[in-house]
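**Student:** FYI, the numbering for the sequence shown is 595 to 1302, going by the working numbering.
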Amino acid sequence: MIIRKLNGIWEMKDSDGMSVSGTIPGSVYSFLLNAGEMEDPYYRTNELSALRRMDRDYSFTRTFEADGELLSCAAVYLRCEGLDTLCTVYLNDIPVGEADNFHRTYEWEVGSLLQEGENTLRICFRSPTRAIREADRAWHVGGTEDAMRGFPHLRKPHCMFGWDWGPRLPDMGIFRDISLQGVQQGRIRDVHIRQKHRDGSVWLSVHAEMEGKGTPVIRLTGPQGFRMELQPDTETRIPDPQLWWPNGYGAQNLYTVEVALRTENTLEDMVCRRIGLRTVEVCREKDEIGESFAFRVNGVAIFAMGADYIPEDNVLSRMNPARTRKLLEDCRLANFNCIRVWGGGMYPGDDFFDACDELGLLVWQDMMFACAHYPLDDAFEESITREAVDNIRRIRHHACLGLWCGNNEMESFERRGDWEGGPAARAAYIRIFEHILPHVLRREDPDTFYWPSSPSSGGSFDDPDDPYRGDVHYWDVWHGEKPFADYRRHVFRFVSEFGFQSFPGIKTVSAFTEPEDRNIFSEVMEMHQRNRSANGKIMRYLSDTYLYPQHFEVLLYASQMLQATAIRYGVEHWRRHRGECMGAIYWQLSDIWPVASWSSIDYYGRWKALHYAARRFFAPVMISCEEVSDASEGKSIVREPEANVSTARLCVANETGETVTGTVHWWLSDAASRTLQEGESVLSVPARGTAWLPKMDFSDTDIRQNHL
Ligand code: BMA
């Protein structure tokens, strides 16, 4: 196969004839920024004028040479791996296709339109803001009010239309590779690798879907120079299999399946897929509390620890593999073993999954549906079916893939009757998430677990928020303004979201503000705080824990300490109850632009206090304290005077595969770090278990002065 990349320098024009050149992959914003025609949309209130630019149409054009070799091909495909979003594609002024789904890979056969010498490719994009306005007038479907009205109509990352942490910057452009693929005699359309594990042995089978002529030759390579040939569609036993494990449970061994398509002496096409030998199950077993929910990898139940992932940048061309890699390495540094890709953004690129394979991060992969109703008609059904096939085929071989999940929060919102959907919306919900998507998955990836929604108890609106079954999004701390100790009222089975906001640090704030903006209630700071009433919440929770921060910088800093404390409260509690609870995934890992948010790493990659705290509360062996006092219970001074009761129980959680024996040394000290009381206990903590020390009574101590 001949591949001619069409990335590189293109020309962009708007509907008024303004023209600039720039680089593809790229977008309207990246072209304008690069040409100095636009100010950074993240700076101060620039978002507003940047959004207005999206009411126009834009076209991207480039010329390229077609040589004899390409023209002699049996077929030539124009392959577009990322079109954002509504566009018509012209080759030499003849329309070759239309696209309307950001999440799809498009291919059109264009062989007959190519001419020897110079050819012109033009892609004309239509305004997404106009499109959703018009579609919404014709058929209103509800959705979160943090995003622009009508957003569910367009298969484009929802959060580009705004979210409670994201700006409204629905860019347009070509965000992944674009190329011509000339097929000489044959090509490989798809490769599906399946594995079976039985009694310590692993069997692999590889199915290649071909077009044209050729015979597939399959080679498997792996750790320590391992090599073997495989026959297509035949189960082959892999000698001495080196398993893949999530971070903290073993090595991340990886193998490569190389499928070469050969005709006589010619290599027609080659596809490489890196895999890990492992089983991943999600166990749901009835027990005395309800029903468990836990990842089990190679037979070992995993306590999932990590955060929710949103797109790394609103201007997609600012993302790159090195930045993604750094972010995921930071996850591993903080002892993550899991990451949830949230459904309101985009399916990450291949580099994301490659890094998760290598770093041992088990991926909970939402499909791209969140907080909305959808206009389900035949065209929509076809579009989402194709989108699912494209992404499942691209992602399913990765060792890191833990599960597919239908959507974010829709079952739970639908059940509560949010967003004026009515019975039709409920029917559409059931059709999409309990028929269409699972049906595609049964065909394309029957080996990976499917979960209809997050949160869910298994589907069909059967109490998706049940604390005793399935996963839970717990937001009573923060959105519900409950004190941190409220985390301890529930054990839950798997917490896939819970979070607490903070401001980014002063360096990050300085990057998008001028000195006069540096007050959290300024217009600029409020533009960079998208959750209504959040500043008030931060102030309220601060008052429970700290004195009033006298300066802006101290306020930013204190907000981060507060956030770290909040999330630590939850995670430590759930880890103390390992077994009953088997996952703590906090909201959210990083930011799409510089903003006040629930992230532990800010837009510039700077760790907030929470990320440092995560490294401790996700440590394989972790000591924590379940203290009970006026402070932990959020008790107000304004109440009937009563005797002070302060107790503490220390607990060690051990997520390693070995028993850990050690000495716990505790001490109570005053504000000047003078020891007032101390003690020591030798403790043995079973593998993947916990051990508690007896309850200690500190009712005589002044909890405002002393600390344990
Ligand atoms: C969750 C998410 C997001 C949101 C976050 C913070 O419910 O699924 O939609 O950004 O809460 O409110």
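Beta carbons: idealized from backbone N, C-alpha and C, even for Gly.
Please read all numbers here as calculations on a predicted model, not as lab measurements.
(1) From L861 to R868, what does the alpha carbon distance come to, in whole angstroms?
(2) Does DSSP classify K607 as helix, strand or coil?
(3) Flag this pair as yes or no: are the beta carbons of E641 and P761 separated by less than 8 Å?
(4) In the DSSP output, what is L1244 paired with across the bridge?
(5) Terminal residues of the continuous beta strand (DSSP E) containing S799?
(6) Taking 7 Å as the line, does the beta carbon of A966 fall inside it for any heavy atom of the ligand BMA?
(7) Take E952 and list the residues in its own chain whose beta-carbon comes closer than 8 Å to its own, dropping the five residues that flank it on each side.
(8) For the segment 953–968 against the segment 735–752, do three or more pairs of beta-carbon atoms, one drawn from each stretch, fall closer than 8 Å, so that the two count as touching?
(9) Within the continuous beta strand (DSSP E) that includes W1260, where are the two ends?
(10) Based on the DSSP secondary-structure assignment, which residues constitute the bridge partners of E1272?
(11) Suppose only complete runs of 3+ residues qualify. What are the beta strand (DSSP E) ranges in the segment 654–730, listed by chain order?
(12) Taking F1106 and N1129 to be in contact with their CB atoms under 8 Å, please state how far apart those CB atoms are, rounded to whole angstroms.
(13) For R1126, count neighbouring C-beta atoms within 10 Å of its own C-beta (all shown protein chains included) and say buried if the count is 16 or more, exposed if not.
(14) Pull up the distance between the alpha-carbon of R1209 and that of P1040, whole angstroms please.
(15) Where does C753 fall in DSSP's three states?
(16) Would you list, in sequence order, the uninterrupted alpha helix (DSSP H) runs of no fewer than 4 residues that lie entirely inside the segment 932–979?
(17) Thinking N1002 and F930 are a contact (beta carbons under 8 Å), I'd like their distance in whole angstroms, please.
(18) For T1102, does the three-state DSSP call read helix, strand or coil?
(19) Within its chain, find whatever has a CB closer than 6 Å to the CB of A668; leave out the 5 residues flanking it on each side and keep chain order.
(20) Who does W1286 pair with in a DSSP beta bridge?
(21) Using the beta-carbon count (16 or more within 10 Å), is W936 buried or exposed?
(22) Using the rule of at least 16 other Cβ atoms within 10 Å of the residue's Cβ for burial, across every protein chain shown, is L715 buried or exposed?
(23) Have a look at L626 and Y1198 and give me their C-alpha separation to the nearest angstrom.
(24) Nearer than 7 Å: is that true of the beta carbon of E1091 relative to any heavy atom of the ligand BMA?
(25) Say the cut is 7 Å; is the CB of D758 nearer than that to a heavy atom of the ligand BMA?
(26) Is the closest heavy atom of the ligand BMA to the C-beta of G938 under 7 Å?
(27) Enumerate, from N- to C-terminal direction, the unbroken alpha helix (DSSP H) stretches of 4 or more residues contained entirely within the segment 981–1026.
(28) Counting along the chain, where does the beta strand (DSSP E) carrying E823 start and finish?
(29) With a threshold of 7 Å (Cβ to nearest heavy atom), would E633 be considered close to the ligand BMA?
(30) Between the C-alpha atoms of D850 and T830, what's the straight-line distance to the nearest angstrom?
(31) Specify, as a first and last residue, the run of the beta strand (DSSP E) that R762 falls within.
(32) Which same chain residues end up closer than 8 Å to R1134 when comparing Cβ atoms and leaving out the 5 residues on each side of it in sequence?
(33) Starting from S1137, follow the beta strand (DSSP E) in both directions and report where the run begins and ends.
(34) Return the first residue and the last residue of the beta strand (DSSP E) that K790 is part of.
(35) If I'm right that F1094 touches D1065 with Cβ under 8 Å, what's the distance once you round it to whole angstroms?
(36) Could you pull out every residue in the same chain whose Cβ sits closer than 6 Å to the Cβ of G736, ignoring the five residues on either side in sequence?
**Tutor:** Taking the structure as given:
(1) The count along the sequence shown starts at 1 and reaches residue 861 at position 267. The count along the sequence shown starts at 1 and reaches residue 868 at position 274. The alpha-carbon atoms of L861 and R868 are separated by roughly 20 Å.
(2) Along the sequence shown, one-based indexing puts residue 607 at 13. In this structure, K607 counts as strand in the three-state DSSP scheme.
(3) On the sequence shown, residue 641 is found 47 positions in, with the first residue counted as 1. On the sequence shown, residue 761 is found 167 positions in, with the first residue counted as 1. Yes, Cβ-Cβ distance for E641 and P761 is below 8 Å.
(4) Indexing the sequence shown from 1 puts residue 1244 at position 650. Per DSSP, C1219.
(5) Against the sequence shown, residue 799 aligns to sequence position 205. Taken as a continuous stretch (DSSP letters only), the beta strand (DSSP E) holding S799 covers 795–806.
(6) Position 372 of the sequence shown, counted from the start, is the residue given in the question as residue 966. No, the ligand BMA has no heavy atom inside 7 Å of this Cβ.
(7) For the purposes of this step, residue 952 is taken as residue 358 along the sequence shown, with counting starting at 1. Answer for E952: Q846, L848, listed in chain order.
(8) yes
(9) The residue labelled residue 1260 in the question sits at position 666 within the sequence shown. Start and end: 1254–1263.
(10) Counting from one through the sequence shown, the residue named residue 1272 turns up at place 678. For E1272, which the question treats as bridged, DSSP gives the partners W1261.
(11) 669–674, 681–685, 688–693, 700–703, 711–719
(12) Along the sequence shown, one-based indexing puts residue 1106 at 512. Along the sequence shown, one-based indexing puts residue 1129 at 535. At roughly 16 Å, the Cβ-Cβ gap does not stay under 8 Å, so F1106 and N1129 are not in contact.
(13) The residue given as residue 1126 occupies position 532 in the sequence shown. The residue in question, R1126, is exposed, as its Cβ has fewer than 16 Cβ neighbours within 10 Å.
(14) Here the question's residue 1209 lines up with position 615 in the sequence shown. Here the question's residue 1040 lines up with position 446 in the sequence shown. Spanning the two alpha carbons is a distance of roughly 35 Å.
(15) Here the question's residue 753 lines up with position 159 in the sequence shown. Three-state result, C753: helix.
(16) 944–953
(17) Position 408 of the sequence shown holds residue 1002. Position 336 of the sequence shown holds residue 930. Actually they do not touch by this definition, with Cβ atoms about 20 Å apart.
(18) Along the sequence shown, one-based indexing puts residue 1102 at 508. In the structure shown, T1102 falls within a helical segment according to DSSP collapsed to helix, strand and coil.
(19) For the purposes of this step, residue 668 is identified with residue 74 of the sequence shown, where counting begins at 1. If we look at A668 and ignore the five residues flanking it on each side, its Cβ neighbours are V777.
(20) For the purposes of this step, residue 1286 is identified with residue 692 of the sequence shown, where counting begins at 1. According to DSSP, W1286 bridges with C1245.
(21) Translated into positions along the sequence shown, residue 936 becomes position 342. Burial call: buried.
(22) Within the sequence shown, residue 715 is the residue found at index 121, counting from 1. The residue in question, L715, is buried, as its Cβ has 16 or more Cβ neighbours within 10 Å.
(23) The residue you call residue 626 lines up with position 32 of the sequence shown. The residue you call residue 1198 lines up with position 604 of the sequence shown. Straight through space, the alpha carbons of Y1198 and L626 are spaced by roughly 22 Å.
(24) As a working note, residue 1091 is residue 497 in the sequence shown. It does: the Cβ of E1091 is within 7 Å (strictly closer) of some heavy atom of the ligand BMA.
(25) As a first step, residue 758 must be located in the sequence shown, where it is residue number 164. It does: the Cβ of D758 is within 7 Å (strictly closer) of some heavy atom of the ligand BMA.
(26) Numbered from 1 along the sequence shown, position 344 holds the residue referred to as residue 938. Yes - the ligand BMA has a heavy atom lying nearer than 7 Å to the Cβ of G938.
(27) 1004–1010, 1016–1025
(28) Residue numbering aside, residue 823 sits at position 229 when the sequence shown is read from its first letter. Bounds of the beta strand (DSSP E) holding E823 are 820–824.
(29) The residue labelled residue 633 in the question sits at position 39 within the sequence shown. Taken from the Cβ of E633, every heavy atom of the ligand BMA lies 7 Å or farther away.
(30) The count along the sequence shown starts at 1 and reaches residue 850 at position 256. The count along the sequence shown starts at 1 and reaches residue 830 at position 236. Note that residue 850 is Thr in the sequence shown, not Asp. Cα to Cα, the separation comes out at about 15 Å.
(31) Position 168 of the sequence shown, counted from the first residue, corresponds to residue 762. Note, R762: beta strand (DSSP E), 760–762.
(32) Numbered from its first residue, the sequence shown carries residue 1134 at position 540. Excluding residues within five positions, the ones whose Cβ falls inside 8 Å are E1075.
(33) Locating residue 1137 in the sequence shown gives position 543, counting from the first residue. Premise fails: S1137 lies in the alpha helix (DSSP H), 1128–1139, not in any beta strand (DSSP E).
(34) On the sequence shown, position 196 is the one that residue 790 refers to. Here the beta strand (DSSP E) through K790 covers 780–792.
(35) On the sequence shown, position 500 is the one that residue 1094 refers to. On the sequence shown, position 471 is the one that residue 1065 refers to. Not quite, the Cβ-Cβ distance comes to about 19 Å (not below 8 Å), so this is no contact.
(36) Looking up residue 736 in the sequence shown gives position 142. For G736, where only same-chain residues beyond five positions count, the Cβ hits under 6 Å are H967, W1013, E1014, G1015.
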